[in-house]
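**Student:** Residue numbers (the working numbering): 1 to 529.
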Ligand SMILES: *[C@@H]1O[C@H](CO)[C@@H](O)[C@H](O)[C@H]1NC(C)=O
Ligand SMILES: *[C@@H]1O[C@H](CO)[C@@H](O)[C@H](O)[C@H]1NC(C)=O
Ligand SMILES: *[C@@H]1O[C@H](CO)[C@@H](O)[C@H](O)[C@H]1NC(C)=O
Ligand SMILES: *[C@@H]1O[C@H](CO)[C@@H](O)[C@H](O)[C@H]1NC(C)=O
Ligand SMILES: *[C@@H]1O[C@H](CO)[C@@H](O)[C@H](O)[C@H]1NC(C)=O
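1. Can you tell me which residues form a DSSP beta bridge with residue 351?
2. Less than 8 Å between the beta carbons of residue 482 and residue 451, yes or no?
3. So residue 223 and residue 187 are supposed to be a Cβ contact under 8 Å. How far apart are they, rounded?
4. Count the CB pairs spanning the segment 127 to 142 and the segment 431 to 449 that are closer than 8 Å, and state whether there are at least three.
5. Residue 11 by DSSP, collapsed to three states: which one?
6. If we call anything under 8 Å between Cβ atoms a contact, is residue 274 one with residue 317?
7. Could you tell me if the beta carbon of residue 180 falls within a distance shorter than 7 Å of some heavy atom in ligand 2?
8. Looking at C-beta atoms only, is the number of pairs between the segment 91 to 102 and the segment 378 to 392 that lie closer than 8 Å three or more?
9. Alpha carbon to alpha carbon, what distance is there between residue 322 and residue 71?
10. Which value, in whole angstroms, describes the spacing of the CA atoms of residue 287 and residue 54?
11. On a Cα-Cα basis, can you pick out the residue from 354, 368 and 388 that is closest to residue 446?
12. Compute the Euclidean distance between the alpha carbons of residue 230 and residue 304, then round it to the nearest angstrom.
13. Got a list of residues with beta-carbon closer than 6 Å to any non-hydrogen atom of ligand 1, in chain order?
14. Going by the CB atoms, is the gap between residue 409 and residue 436 shorter than 8 Å?
15. Please determine, among 428, 314, 73 and 56, the residue with the shortest C-alpha to C-alpha distance to residue 264.
16. What are the boundary residues of the beta strand (DSSP E) that residue 156 is part of?
17. Please state whether DSSP places residue 6 in a helix, a strand or coil.
18. Between residue 112 and the rest of its own chain, which residues show a CB-CB distance below 6 Å, the 5 nearest in sequence each way excluded?
19. In angstroms with no decimal places, state the Cα-to-Cα distance between residue 47 and residue 240.
20. So, under 8 Å CB-CB, residue 116 and residue 145 are touching, yes? Tell me the CB distance rounded to an integer number of Å.
21. Along the beta strand (DSSP E) that carries residue 35, what are the first and last residues, could you check?
22. With a 10 Å radius around its C-beta and 16 neighbouring C-beta atoms as the bar for buried, classify residue 160 as buried or exposed.
23. Per the DSSP calculation, residue 482 is bridged to which residue(s)?
24. What is the rounded straight-line gap between the Cα of residue 488 and the Cα of residue 243?
25. Taking the straight line between their C-alpha atoms, what separation do you get for residue 25 and residue 312?
26. In the DSSP assignment, find the unbroken beta strand (DSSP E) run with residue 534 in it and report its ends.
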């Protein structure tokens, strides 16, 4: 294992110049560069990493693949807000994709954006670059318009609004740039790719300031528009069957139970088409990763650059007969890719520790030589990356996922649901979200056990509970899975589990859902043997 920073690499003459105060301090010249590639809605459970062959070759095979990377929330804006701040959703309060739900809202900007990771990187002397989708409500009038450039970023190429591939506006350093629908000029993943390379071309190995570059692609989010050269690849691919595909889930939360099951043929056809188009959009991401790695290599900067690759949340396509979306507590929606390569990271290593999107910010800060602030809930991954963590001890034993359900008073495509607070109703009006689809889950994953315990904020208590008195406690629908025995979460065992285990999970959930900073690491929790 090579030390991350080495004074030896600085020639004597440069050291002398440093002493004379001619060049910037030693530490600034040897801090590593960091590239962070973030995709949108790319899953792990539906083989979402299969099509990015070059990325796996250029990042995973040259570094670490994390098989248990989770997001704090199975929805774009809350997850992205966690990535930026290193905080759980209950601490950054960006609870859904709307401005009133804290997505890029003026209050969120004041409270959280000012303490997001790029601000600290800037203080460490980093030259910072961002291109692509930021937060779903970025750039609109209510959230400060395109002239709002989030603090900490030097070079800003921010997409106004949510992911699309054509017909959009970018904020280029605070000035609007409109794009239409000409592939060569406007395809967003490629625009991000080109802008990223343009930034890299201006960096130099000998520059006194390291850089941080974040490339945030619309792929593979809806509307799933591939580049023309990829519009017919994977023509034989189908969404994975097996697991919970097309099953009816009688023991789950009402929103899952209402799905039409088995799914009609046209829903399945739509699912397969969507599956193929998601993979196709990822081909342009794969090209981007290749372009970035090649450029770093050509410029002699690859050996001093960390490259992180991840996604903001997972996705489902027919699991428990839910047509397509995210927002659920199951593995397919909360598990995402994470691959990392860089100086000092061993090659072709698979890590099965539970790691989280909130760990990224503290990791970036520690790599940049800064101490992550105590207000961040995540933990730096550096001990894993540099191989000093004891492999017998889990990195963390427990963590939280949170989702605040969203509903709408009117559902134009499914008027039968008007006034019921449902939303995202797709294919025969199977709704993927509702106002009372609010869930908080505790994952307890040690060497010996692996449980997921979820509470839903509604009064859909299961019948065998038959509470005599309805209290807040009995108002919560519960699901419990033993992922060691049941990796597809097919059987809710909340009524079969031992009362002792259930009691520990409930206690720990109550502690974790109000945790901040250190208390979110779960070290002092009650244990299950
Ligand atoms: C954006 O700002 C950065 C930092 O000041 C500058 O280097 C870059 O040239 C600007 N980009 C454009 C396209 O104006
Ligand atoms: C882009 O906008 C034009 C003009 O409004 C429209 O005709 C076209 O269908 C749009 N294309 C896409 C891919 O959204
Ligand atoms: C695929 O792209 C080609 C151009 O590369 C175009 O001629 C063709 O119509 C496109 N097909 C679909 C299904 O979009
Ligand atoms: C690895 O990371 C840990 C935790 O940040 C740090 O304390 C340690 O010094 C690092 N070790 C090496 C060899 O880089
Ligand atoms: C949740 O909301 C839906 C839609 O409004 C409603 O039909 C259902 O009764 C509610 N369920 C519970 C258990 O609160």
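No residue lacks a Cβ here, since even glycine has one placed at the ideal position from N, Cα and C. Since this is a predicted model, take the numbers as computed values, not measurements.
**Tutor:** Walking through what the data contain:
1. Bridge partners of residue 351: 66.
2. Contact: yes.
3. Contact doesn't hold; Cβ gap of about 13 Å is too wide.
4. No: fewer than three Cβ pairs fall under 8 Å.
5. Unreliable positioning characterises residue 11 in this predicted model, as indicated by a pLDDT of 37, which lies under 50. A coordinate reading is not provided.
6. Yes, they are a contact pair.
7. Checking every heavy atom of ligand 2 against the Cβ of residue 180, one is found closer than 7 Å.
8. Verdict: no, contact absent.
9. So the alpha carbons of these two residues sit roughly 20 Å apart.
10. In this model, residue 287 and residue 54 are separated by some 8 Å (Cα to Cα).
11. The shortest C-alpha to C-alpha distance from residue 446 to any of 354, 368 and 388 is the one to 354.
12. Each residue's alpha carbon lies about 33 Å from the other.
13. The chain-ordered list of residues whose CB is nearer than 6 Å to some heavy atom of ligand 1 reads 154, 155, 172 and 173.
14. No, the Cβ-Cβ distance between residue 436 and residue 409 is not below 8 Å.
15. Considering only alpha carbons, the answer is 428.
16. That run of the beta strand (DSSP E) goes 155 to 159.
17. Bear in mind that a pLDDT of 37 at residue 6, under 50, signals an unreliable position, so the number given afterwards is only what the model happens to contain. Coil at residue 6, not helix or strand.
18. Around residue 112: 85 and 92.
19. So the alpha carbons of these two residues sit roughly 8 Å apart.
20. About 19 Å separates the beta carbons of residue 116 and residue 145, which is beyond the 8 Å limit, so they are not a contact pair.
21. That run of the beta strand (DSSP E) goes 33 to 39.
22. With 16 or more Cβ atoms within 10 Å of its Cβ, residue 160 is classed as buried.
23. DSSP output for residue 482 lists 451 as bridge partner(s).
24. One C-alpha to the other measures close to 6 Å.
25. For residue 25, the pLDDT reaches just 36, beneath the cut-off of 50, and the residue's location in the model is therefore unreliable, although a value from the coordinates is still provided. Their backbone Cα atoms lie some 36 Å apart in a straight line.
26. Since the first residue of the chain shown is 1 and the last is 529, residue 534 is not available in this structure.
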